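Colleague:
Number of protein chains: 2
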Amino acid sequence: MYEPRYARRAEGMRASEIRELLKLLEKPGIISFAGGIPDPELFPRDAIGNAYHRILADRALSGQALQYSVSEGYQPLRIWIAAHMRKLGVPATPDNILVTSGSQQALEFLGKLFITAGDTALVTAPTYLGALQAFSAYEPRYDVLRPDTGNRTPSSYREAAAVNGGSVKFAYVVPDFANPTGETLSAEARSGLIALAEDLDCPIIEDTAYVDLRFEGESVPAIQALDVARHGGDLNASRVIYCGTFSKTLTPGLRIGWACAAEPVIRRLTLIKQASDLNSSLINQMVMERLATETYDSQVAKAAKHYRARRDAMLNALETNMPAGVTWTRPEGGLFIWVRLPDQFDGGELLRRSISDAGVAFVPGAAFFTDGTGRNTIRLSYSLPTEAQIADGIARLGKLIATAI
Amino acid sequence: MYEPRYARRAEGMRASEIRELLKLLEKPGIISFAGGIPDPELFPRDAIGNAYHRILADRALSGQALQYSVSEGYQPLRIWIAAHMRKLGVPATPDNILVTSGSQQALEFLGKLFITAGDTALVTAPTYLGALQAFSAYEPRYDVLRPDTGNRTPSSYREAAAVNGGSVKFAYVVPDFANPTGETLSAEARSGLIALAEDLDCPIIEDTAYVDLRFEGESVPAIQALDVARHGGDLNASRVIYCGTFSKTLTPGLRIGWACAAEPVIRRLTLIKQASDLNSSLINQMVMERLATETYDSQVAKAAKHYRARRDAMLNALETNMPAGVTWTRPEGGLFIWVRLPDQFDGGELLRRSISDAGVAFVPGAAFFTDGTGRNTIRLSYSLPTEAQIADGIARLGKLIATAI
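In order, the protein sequence lines correspond to chains A and B. All the letters of the first sequence, read from the start, carry residue numbers 109 to 513 under the numbering used here. All the letters of the second sequence, read from the start, carry residue numbers 109 to 513 under the numbering used here.
1) Report yes if the C-beta distance between Phe444(B) and Arg483(B) is below 9 Å; otherwise report no.
2) For Gly473(A) versus Pro234(A), is the C-beta spacing smaller than 9 Å?
3) Along chain A, which residues have their Cβ under 7 Å away from the Cβ of His161(B)?
4) Between the Cα of Leu185(A) and those of Tyr176(A), Thr201(A) and Gln175(A), spot the shortest distance and give me the residue it belongs to.
5) Taking only beta-carbon atoms, is Tyr176(B) less than 9 Å away from chain A?
6) In the DSSP assignment, what residue or residues form a beta bridge with Ile312(B)?
7) Is the stretch 365 to 377 of chain B close to the stretch 219 to 233 of chain A, with three or more CB pairs under 8 Å?
8) Please work out which residues of its chain come closer than 7 Å, Cβ to Cβ, to Leu343(A), disregarding the five sequence neighbours upstream and downstream, and give them in chain order.
9) Can you round the beta-carbon distance between Ile312(A) and Ile302(A) to whole angstroms, since I take them to be within the 8 Å contact cut?
10) Can Asp284(B) and Val328(B) be called in contact, C-beta distance under 9 Å?
11) Is the Cβ-Cβ distance between Ser177(B) and Leu390(B) less than 9 Å?
12) Taking Ser327(B) as part of the beta strand (DSSP E), name the residues at either end of that continuous run.
13) Take Arg416(A) as the anchor and find which of Arg162(A), His161(A), Arg438(A) and Thr316(A) has the nearest alpha-carbon.
14) Under the rule that 16 or more other beta-carbon atoms within 10 Å means buried, what is Ile513(B), buried or exposed?
15) Of all the residues that make up the stretch 346 to 366 of chain B, which are near chain A by a beta-carbon distance shorter than 8 Å?
16) Could you tell me whether the Cβ of Asp342(A) comes closer than 9 Å to any Cβ of chain B?
17) Counting along the chain, where does the beta strand (DSSP E) carrying Ala200(A) start and finish?
18) DSSP three-state label for Arg375(B), please.
19) Beta-carbon of Asp385(A) versus every beta-carbon of chain B: anything under 9 Å?
20) Considering Gly501(B), what are the terminal residues of the alpha helix (DSSP H) in which it resides?
21) Considering only C-alpha positions, which residue in the set Ala400(A), Gln497(A), Ile509(A) and Ala229(A) is nearest to His192(A)?
22) Taking Gln241(B) as the reference, give the member of Pro255(B), Leu218(B), Tyr265(B) and Asn259(B) with the closest Cα.
23) Check whether chain B comes within 9 Å of Pro439(A), counting only Cβ atoms and requiring the distance to be less than that.
24) Would you report the Cα separation of Arg117(A) and Pro431(B), rounded to the nearest angstrom?
25) According to DSSP, is Pro184(A) helix, strand or coil?
26) Restricting to Cα atoms, I'd like to know which of Ile498(A), Pro360(A) and Thr228(A) is closest to Cys310(A).
27) Going along the stretch 383 to 411 of chain B in order, which residues come within less than 8 Å of chain A, judged by CB to CB distance?
28) Relative to the C-alpha of Ala466(A), which residue among Val408(A), Arg504(A) and Asp307(A) is closest?
29) Using a Cβ-Cβ distance under 9 Å, would Phe151(B) count as near chain A?
30) Please classify Ala190(B) as buried or exposed, where buried requires at least 16 other C-beta atoms within 10 Å of its C-beta.
31) Give me the DSSP bridge partner(s) of Thr250(B).
32) Give the secondary structure of Arg483(A) by DSSP, where H, G and I count as helix, E and B as strand, and everything else as coil.
33) CA-CA distance, Ile502(B) and Phe477(B)?
34) How many whole angstroms separate the CB atoms of Ala159(B) and Arg461(B), which I take to be in contact at a CB cut-off of 8 Å?
35) Going by DSSP, name the residue or residues bridged to Phe151(A).
36) Within the 9 Å Cβ cut-off, does Gly238(A) reach chain B?
If you want it as structure tokens, here you go:
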């Protein structure tokens, strides 16, 4: 009856693959390292309940909270976020902030803003699958960034993009405790990325979903802060678009994230927001503003302590149980450890056997690559299982891998 | 630094025009007939507060409510919506339902699903501005439907689309108490639209934002119900995509709407939802499910009574105060009356004078046309002003128009 434009692209999105994986989580008896979602034990439900109650008990406030609202977001929340960005060395005002329905929505808007079919998006390999989903709707070509081990030359990226009939429209990175690898870009790697983007004259999208979940070590300056410093402290001259979220620190259930960028970018993203869903739920934005004001620092500290213990349990279990030839990252924060298996392994095949023989789930690493590589990698998350489950599950997985080597 | 794809299209979106109008609403002393938003007096804030409280007081339930969730929506809410659709003669199951962040988001997804730049979208003139904003991001050509007075021939639409290098991808209508005209399509007009879409082999997007706010007269069957009946009761064979919302009956503040369509369409829209914002706020969906279950019918009755009194006040005031040569619609429901002024009038110019001389705001009708016509029309909403304000404001507006004739 109709030929949807989107159908041919849905194939490349591998969303169904993730859905199948998520269904595995629901099987009883499976220890799952597959999800990357926060532990609901940490959600500040009393503070959230109190915030909803206070807003809805007030007649005037409730009338506002339950009404349509401005697309750019609830002004007091934008003020809080701007102050938060200033602590990171980014001199933001509320006019530099757009409230989005999670940072996923910001990524989707940026795909819409920048990409015409055939243009090039620079991404790391591996990278966050949700970003690929968001961008892929606009049919870019992907080219590979290697900010830590050395990017190609600007002209190499430029020429490869031109061969495809487009140009490089942005570079996308998750610089802190990346999904899926758990790794963090050094300040040098960040500066190198800025230099590359300057030469290519393209924006950098900085996705900071996990940045606050640091367990140890020194924070590395935000790419946006480094770039603003190069422009004499002028955020409106920066090419970096910072995507933040409350999902990993407070709760993903209110669907509140943000983009912080130069005002002209925010104005355009606000028009996209208006066309997309008018505004994010105002009552949720009002609750989030109260929650952030009252609990942000304590929640971040609590979450970091909680996930640190689980990371330690997983690193210990890997050390004890993995055979020689298996290597893994040692993240200083976030929710993920990335495991590299000997070359003969296939993560997808291992998953099937792991589910049936070991009762352990994880995500095959190949899902996070745009180029079909990474077959011998897997992503482990320690966010949901207890320390005992982590020890047990990694022991079982180690035994399975050892028998297959 | 960068050349955003979206920038050239933002010009055509007239969003800034609306924003300027909304600012007028904030001026003290202005009686505004400009907004089209529901009266916050009607929001069931106690029921909403109770629903949030019950969910958050339950440890397990709150952990679920504040977590990420499935992209298709909260299953009990999909079940409620499917049952609601069955009452309309549409034999839906939950697999035919996608929960969206307001029906605006459904419109945006449909633009993304169907339109490639240069394709044709059929819309009425005038039509809902938010739909134009949602579709325009995908750069369609618009052609004009006249479902009540007579559409052109299918081959005329087809050939005009081909000249532009694309094809007709869908027909979009607001069949009940349309924004901006307040008018309702007859069953004959609906059947004619289905016949046209069959000939063009394209989907129909049925936007029903106001359908439940009927004050009097007989309901007209949903276009989707008529089309399903032509297909032996098989919704999965229907070409109609129904977009519904709770925004006008319960509250727009939770940002909950839905699309109801054949399963293959819903599956594709679900992938788009996942890429766009993962899922709508689950806690809001859970609240809406309780709210719909407990209050839907009583809220609809209350809202219809409330707005009926205001419509009556506006129709009476128009009758009393408008000079000869001015005509207007007599809506059987919804929030809008559409006024046609003598040809020499310009709605935009009248607005400027009306604000300064009469202290009355409204929306110039030209904003709702894709073809630059409609300059001598204006949209009046009676949703927010009291009956006394309506009488006063229309009297002042009538006097202003009379002196200008």
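Backbone N, C-alpha and C define an ideal beta-carbon position, used for all residues, glycine too. Here the structure is a predicted model, which is why all the values come from computation and not from measurement.
Modeller: Answer, in terms of the structure:
1) It is not a contact, given that the beta carbons lie outside the stated cut-off.
2) Yes, these two residues count as a Cβ contact at 9 Å.
3) Within 7 Å of the CB of His161(B), the CB atoms of chain A belong to Gly157 and His161, in sequence order along the chain.
4) From the listed residues Tyr176(A), Thr201(A) and Gln175(A), the smallest Cα separation to Leu185(A) is found for Thr201(A).
5) Taking Cβ atoms only, chain A reaches closer than 9 Å to Tyr176(B), which makes this a yes.
6) For Ile312(B), which the question treats as bridged, DSSP gives the partners Ala279(B) and Val348(B).
7) Using a C-beta cut-off of 8 Å, the stretch 365 to 377 of chain B makes no contact with the stretch 219 to 233 of chain A, since fewer than three inter-stretch Cβ pairs fall below that distance.
8) These residues qualify, in order along the chain: Val198, Pro199, Ala200, Asn204, Val336 and Ala370.
9) Going by Cβ atoms, the distance from Ile312(A) to Ile302(A) rounds to 7 Å, so yes, they are a contact pair.
10) Their beta carbons are under 9 Å apart, which means Asp284(B) touches Val328(B) by this criterion.
11) In contact: Ser177(B) and Leu390(B) (Cβ atoms closer than 9 Å).
12) Counting along the chain, Ser327(B) falls outside any beta strand (DSSP E), and DSSP gives it neither H nor E.
13) A check of alpha carbon separations from Arg416(A) across Arg162(A), His161(A), Arg438(A) and Thr316(A) identifies Arg438(A) as the nearest.
14) By the neighbour-count criterion, in which a residue is buried when 16 or more other Cβ atoms sit within 10 angstroms of its Cβ, Ile513(B) is exposed.
15) Along the stretch 346 to 366 of chain B, the positions whose C-beta sits under 8 Å from a C-beta of chain A are Arg347, Ser355, Thr359, Pro360, Gly361, Leu362 and Arg363, read in chain order.
16) By this cut-off, Asp342(A) is not an interface position.
17) No residue range can be given for Ala200(A), since it is assigned to no beta strand (DSSP E) and is classified by DSSP as neither H nor E.
18) In the structure shown, Arg375(B) sits in a helix (DSSP, three-state: H, G or I).
19) For Asp385(A), the answer is yes, since a Cβ of chain B falls inside 9 Å of its Cβ.
20) Unbroken alpha helix (DSSP H) run through Gly501(B): Glu495 to Ala512.
21) The candidate whose alpha carbon is nearest that of His192(A) is Ala400(A).
22) If we check each option's Cα against that of Gln241(B), Leu218(B) comes out closest.
23) With 9 Å as the cut-off, Pro439(A) does not count as an interface residue toward chain B.
24) Low confidence applies here, because Arg117(A) scores a pLDDT of 39, under 50, leaving its location unreliable; read the following figure in that light. Roughly 57 Å between the two C-alpha positions.
25) Pro184(A) falls in the helix class under three-state DSSP.
26) Per the Cα distances, Thr228(A).
27) Flagged, chain order: Ala383, Ser384, Asp385, Leu386, Asn387, Ser388, Ser389, Leu390, Ile391 and Asn392.
28) Ranking the options by Cα distance to Ala466(A), first place goes to Arg504(A).
29) Yes, its Cβ sits closer than 9 Å to a Cβ of chain A.
30) By the neighbour-count rule (16 or more Cβ atoms within 10 Å), Ala190(B) is buried.
31) First, the amino acid is wrong: residue 250(B) is Tyr here, not Thr. Answer is Ala229(B), bridged to Tyr250(B).
32) Here Arg483(A) carries a coil assignment [DSSP, helix/strand/coil].
33) A direct Cα-to-Cα measurement between Ile502(B) and Phe477(B) gives close to 24 Å.
34) Incorrect: roughly 46 Å between the Cβ atoms, too far for contact.
35) Answer is none; Phe151(A) lacks a bridge partner.
36) At least one chain B Cβ lies under 9 Å of Gly238(A).
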